[in-house]
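Just below is one structure, and these are the notes that go with it.
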Amino acid sequence: MSRRAFVGSSGTYNVRASELAREKRVKTIRCIVFFLDDSQQTFEVDKRSKGQHLLDMVFQHLELIEKDYFGLQFSDNDHSSDTMRWMDASKYIRKQIKLGPPYLLYFRVKFYVCDPSKLHEEYTRYHFFLQLKKDILDGKLVVPSATSVLLASYAVQSEIGDFNPEEHKNRYLADLRLIPNQTEEMEKKIAELHKLHKGQTPADAEYNFLDHAKRLDMYGVDLHRARVRDSTNTDIQLGVTSSGLVVFQNNLKINTFSWAKIVKISFKRKQFFIQLRREGTETYDNLLGFNMLSYRSCKNLWKSCVEHHTFFRLHVPRPPRRRLLFSLGSKFRYSGRTEYQTLEDGKHKARTERIFTRSPSKRFARQTVPQVTREVLEGWEKKISKPVARMNGTSSSHIRPYDSFNHKIQVSEPEYRPRKAWAETPSPEITAFTPSIPPKLINYVDDDTATDDLYEMSSYMSETAVTNGHEESQGLATIRMKPDDQGRFGFNVKGGADQNLPILVSRVAPNTPADTCIPRLNEGDQVLMINGRDVAGLTHDQVVKLIRASRERHPAELLLTVRPNVYVGEDVEEPDFQYIPDARHVSSKVPRSDVLSESMLLLSDGLESGATIAQFEQLYRKKPGMTMNIAKLPENLNKNRYRDISPYDSTRVVLLGSSNGDYINASHVNMEIPTSGIVNRYIATQGPLPNTTFDFWLMVWEQQSTLIVMVTTLMERGRSKCHKYWPNLYESLEIGFLHVSCVREQETSSFAFREFTLINSENKEERHITHMQYTAWPDHGVPDDASDFLDFVMQVRQNRVGMVDSAIVHCSAGIGRTGVLILMETAMCLIEANEPVYPLDIVKAMRDQRAMLIQTTSQYKFVCEAILKVYNERIVKPLKEYQR
Numbered sequence: 003m004s005r006r007a008f009v010g011s012s013g014t015y016n017v018r019a020s021e022l023a024r025e026k027r028v029k030t031i032r033c034i035v036f037f038l039d040d041s042q043q044t045f046e047v048d049k050r051s052k053g054q055h056l057l058d059m060v061f062q063h064l065e066l067i068e069k070d071y072f073g074l075q076f077s078d079n080d081h082s083s084d085t086m087r088w089m090d091a092s093k094y095i096r097k098q099i100k101l102g103p104p105y106l107l108y109f110r111v112k113f114y115v116c117d118p119s120k121l122h123e124e125y126t127r128y129h130f131f132l133q134l135k136k137d138i139l140d141g142k143l144v145v146p147s148a149t150s151v152l153l154a155s156y157a158v159q160s161e162i163g164d165f166n167p168e169e170h171k172n173r174y175l176a177d178l179r180l181i182p183n184q185t186e187e188m189e190k191k192i193a194e195l196h197k198l199h200k201g202q203t204p205a206d207a208e209y210n211f212l213d214h215a216k217r218l219d220m221y222g223v224d225l226h227r228a229r230v231r232d233s234t235n236t237d238i239q240l241g242v243t244s245s246g247l248v249v250f251q252n253n254l255k256i257n258t259f260s261w262a263k264i265v266k267i268s269f270k271r272k273q274f275f276i277q278l279r280r281e282g283t284e285t286y287d288n289l290l291g292f293n294m295l296s297y298r299s300c301k302n303l304w305k306s307c308v309e310h311h312t313f314f315r316l317h318v319p320r321p322p323r324r325r326l327l328f329s330l331g332s333k334f335r336y337s338g339r340t341e342y343q344t345l346e347d348g349k350h351k352a353r354t355e356r357i358f359t360r361s362p363s364k365r366f367a368r369q370t371v372p373q374v375t376r377e378v379l380e381g382w383e384k385k386i387s388k389p390v391a392r393m394n395g396t397s398s399s400h401i402r403p404y405d406s407f408n409h410k411i412q413v414s415e416p417e418y419r420p421r422k423a424w425a426e427t428p429s430p431e432i433t434a435f436t437p438s439i440p441p442k443l444i445n446y447v448d449d450d451t452a453t454d455d456l457y458e459m460s461s462y463m464s465e466t467a468v469t470n471g472h473e474e475s476q477g478l479a480t481i482r483m484k485p486d487d488q489g490r491f492g493f494n495v496k497g498g499a500d501q502n503l504p505i506l507v508s509r510v511a512p513n514t515p516a517d518t519c520i521p522r523l524n525e526g527d528q529v530l531m532i533n534g535r536d537v538a539g540l541t542h543d544q545v546v547k548l549i550r551a552s553r554e555r556h557p558a559e560l561l562l563t564v565r566p567n568v569y570v571g572e573d574v575e576e577p578d579f580q581y582i583p584d585a586r587h588v589s590s591k592v593p594r595s596d597v598l599s600e601s602m603l604l605l606s607d608g609l610e611s612g613a614t615i616a617q618f619e620q621l622y623r624k625k626p627g628m629t630m631n632i633a634k635l636p637e638n639l640n641k642n643r644y645r646d647i648s649p650y651d652s653t654r655v656v657l658l659g660s661s662n663g664d665y666i667n668a669s670h671v672n673m674e675i676p677t678s679g680i681v682n683r684y685i686a687t688q689g690p691l692p693n694t695t696f697d698f699w700l701m702v703w704e705q706q707s708t709l710i711v712m713v714t715t716l717m718e719r720g721r722s723k724c725h726k727y728w729p730n731l732y733e734s735l736e737i738g739f740l741h742v743s744c745v746r747e748q749e750t751s752s753f754a755f756r757e758f759t760l761i762n763s764e765n766k767e768e769r770h771i772t773h774m775q776y777t778a779w780p781d782h783g784v785p786d787d788a789s790d791f792l793d794f795v796m797q798v799r800q801n802r803v804g805m806v807d808s809a810i811v812h813c814s815a816g817i818g819r820t821g822v823l824i825l826m827e828t829a830m831c832l833i834e835a836n837e838p839v840y841p842l843d844i845v846k847a848m849r850d851q852r853a854m855l856i857q858t859t860s861q862y863k864f865v866c867e868a869i870l871k872v873y874n875e876r877i878v879k880p881l882k883e884y885q886r
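To get our numbering, take the position in the sequence shown, counting from 1, and add 2.
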């Protein structure tokens, strides 16, 4: 055969070498980013680019200013899990995403702001709005049916504007995808609520949407599937939030571990650990262990904890620790800006007005993260469902298991000494788990590292939910009770949509139907349904009417569905870092003679625009860093009228001559009036209880007070607001060594004036006490007209002339109306001194001395309007010596 016959009959081609050569020639990679409005954009980046470069391009494309709350996610398709991971700004893009280019990424909210009012830009709030809508539709954010309908109505208002009966007929919402499993009946309810939102702009509707969504249990929770490290292997979910780590079971929150309660977080392979600070008489710290789906999911949870703690709790991120030669463990640390830095930066930037198009809500099939396939790259998105986590693992004897059924921390044996989470055998090096760790430090430990890396933490208590013996179904309890002979059930509730609070049981009277029913109703239980009706979205008055209507049923019976022990009062303290609103002040360039009038103009403008009220709602209710430990001692609990209202340890009134301890629920509140040298001294206290009447009069004696101002009646709507701690006219009351006599009493339609003599039987010393009571405050809300209240405050001021001692002021709890009176008198004094009046600054100074002074928004609005009335009608005017 000739050689020509073999030509072209065989050949080779090096595929890999050709591709490598091609990759060397290609200097850019393609990244496709999917946005919250379902749009997408392709970005070309250098193949050696880090994540921060792509993030900057995305933020620039969106023209986003408040960008620190957002990030980029991508699918971690490693054939062992289907989790999503966040783009690390400090690492190379190619090293993070395992699938080849083009890379698919998803623009998402990474850190959910706890209060939407912190977001300066309407455009930023719009992206949060889009994210939450997507979370609800995808089932990530579980919402009660009533709340989901309300949120959907705000979404409709944002998208199509005011309800128009000519245009919006029949099923005009049928083409909008608003809530999961949307039905015609739901659309009717949404339409009814939509009619009530008339006049709201899209920005208003979106703000209201966020304001209601932020109260949901699963708002802003980064969920990770896990199992309890015990013999039950119970399926749970661990959620990372701004306040700490939350444990969910069947979408119900069963436990919370605040950052201040956590000393250290660590992981080893598929096991995640949290070390808790010791409590009470414990001599060691507790360690809880959880089994995760895989090593990757475990590390994702650990990284999420590090990022959330840094972003929400620290002022400045800590740099990555220096790695030693042969050191083990991850060196990951959050490298972005913190929320504090974002807020501080926003204060110095002008708010920009921009025009942007809002995307419509279209009805389409449920969609989650697209599978990375060729169809996706060609524009097709394949729907996938998230797999159910299957976690296995055995419990270790040295790790205390998390008790998923008791929902509380188990108490270990005294001889038990926990070892390090990463140690296979007992080790003498237990300093990381012993009292040597300062209580305000946290350790982030991972893999096999044994090197301590301490992070500063704010201090606030764990928000642990504990069962109370109820017969529960998925964490809920059904309670039936019949009224007593007087038609009463024997419990009080607080909260409601008008107060932006859930409906909670605030008090259970002893020996009443509520106290003796089985299962028992307890203080702190959250009421979810009354007689089968969902109470979400109802005001306080509407809830009370529902309860009272149960008396008229045949037979009379009340059926409650409650979530046990949701609220534990002041045991849940606020974190040290709190957002303090930046209220407007008069410019320093304004002449001193005009600062008062200018401050009144600012107050008037703020009330008209709503900014004044919004700033008040943002202000902390308890001063960061203040403690209330004395009030929580067992021997003092029965001295508090309300379990969630206590004095600070540093400003409380200390009794000297009481055989029953030195505690009374009262606080010193001193208000200084600049330039005048005046300091108005108050003692803000609760209305006395029968068992604290002697303590109250002893406080009057020891503090040498000659004026008692009472801003409540004894009974309101059938509820005791204050015990009658004084005798009738011309009668006497002997309490211990103190003898109280009423020598004068005068009542008007709004006031009651009394004079008492207070005699110390031990030394026969006698003092005269003036008692002033305001009786015209309505049972609920605030007075319609401030005239009577202002007359009362003027009378109080006349009786304070020449006083150097503290005036005792009380209502029922000693925070609401008490705060209104202190603020009103302080404002009057500032007007007389020709000083500017900034009500928010006054409230802050008051709350720095007693928590929660001025309790509700309506009270604050009332007193601000009263201040304007006093100034405009010249009821109080600058004194001549202060006029410039």
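In this text, a Cβ means the ideal position worked out from N, Cα and C, and glycines have one as well.
Using only alpha-carbon positions, find the residue among L506, L139, Q861 that is nearest to E619.
Q861
What is the C-beta distance between V822 and I856, in whole angstroms, given that I count them as a contact (C-beta under 8 Å)?
6 Å
Which residue marks the beginning of the beta strand (DSSP E) containing G497, and which one marks its end?
493-498
Distance, Cα to Cα, E169 vs Q43?
35 Å
With DSSP collapsed to three states, give me the class of C519.
coil
Below 7 Å between beta carbons: does that hold for I99 and S155?
no
Opening and closing residue of the beta strand (DSSP E) in which P504 lies:
503-510
Check whether the Cβ atoms of L657 and D664 sit closer than 7 Å, and answer yes or no.
yes
If you count every other CB in all the chains shown that lies within 10 Å of the CB of L175, and 16 or more means buried, which is it?
buried
Tell me the DSSP secondary structure of A686 in three-state form.
strand
Quick check: what's the CA-CA separation for D850 versus K625?
5 Å
Assigned secondary structure, Q800 (DSSP; H/G/I helix, E/B strand, else coil):
helix
How should V597 be labelled, buried or exposed, when 16 other C-beta atoms within 10 angstroms of its C-beta is the threshold for buried?
buried
CA-CA distance, D455 and P319?
Low local confidence applies: a pLDDT of 33 at D455 is under 50, so the model's placement there is unreliable, with the coordinate-based value given in what follows. Taking the straight line joining both Cα atoms gives about 13 Å.
The segment 59-76 contacting the segment 105-118, beta-carbon criterion three pairs below 8 Å
yes
Once you ignore the five residues that flank S83 on each side, which residues in its own chain have a CB closer than 7 Å to its CB?
With a pLDDT of only 42 at S83, under 50, the local geometry of the prediction cannot be trusted, and no value is derived from it.
Does DSSP classify V570 as helix, strand or coil?
Note that V570 has pLDDT 37, beneath the 50 cutoff, so the model's placement of it is unreliable and the number below is only indicative. Three-state DSSP puts V570 in coil, outside helix and strand.
Does S814 come out as helix, strand or coil in the three-state DSSP assignment?
coil
Residues that DSSP places opposite Y665 in a beta bridge:
V656
Contacts around E68, its chain only, beta-carbon distance under 8 Å, and the 5 residues preceding and following it disregarded
L121, H122, E123, T126, T344, G348
Using the three-state DSSP reduction, which class does H741 fall into: helix, strand or coil?
strand
Is it buried or exposed for D786, if we count other Cβ within 10 angstroms and need 16 for buried?
exposed
Below 8 Å on the Cβ atoms is my contact criterion, and I expect H773 with M701 to pass it. Report the Cβ-Cβ distance as a whole number of Å.
Contact flag wrong, Cβ pair sits at about 14 Å.
Terminal residues of the continuous beta strand (DSSP E) containing E768?
768-776
Measure from the alpha carbon of Y873 to the alpha carbon of each residue in C831, R482, S51, then state which is nearest.
C831
If you draw a straight line from the C-alpha of F753 to the C-alpha of Q800, how long is it?
15 Å
From the DSSP output, which residues share a beta bridge with S734?
S743
Using a Cβ-Cβ cutoff of less than 7 Å, which residues in the same chain neighbour A538 once the five nearest sequence positions on both sides are dropped?
P146, A148, T149
What's the call for Q706, buried or exposed, on a 16-neighbour Cβ count within 10 Å?
exposed
Output the boundary residues of the beta strand (DSSP E) element that contains T480.
478-483
From what residue to what residue does the beta strand (DSSP E) around D237 run?
237-242
Do F313 and F113 have their beta-carbon atoms positioned less than 7 Å apart in this structure?
yes
Quick check: what's the CA-CA separation for K882 versus A835?
9 Å
Taking the alpha helix (DSSP H) that N210 belongs to, which residues open and close that run?
204-215
Helix or strand or just coil, what does DSSP make of A148?
helix
The segment 588-603 / the segment 543-562 touching (three or more Cβ pairs under 8 Å)
no
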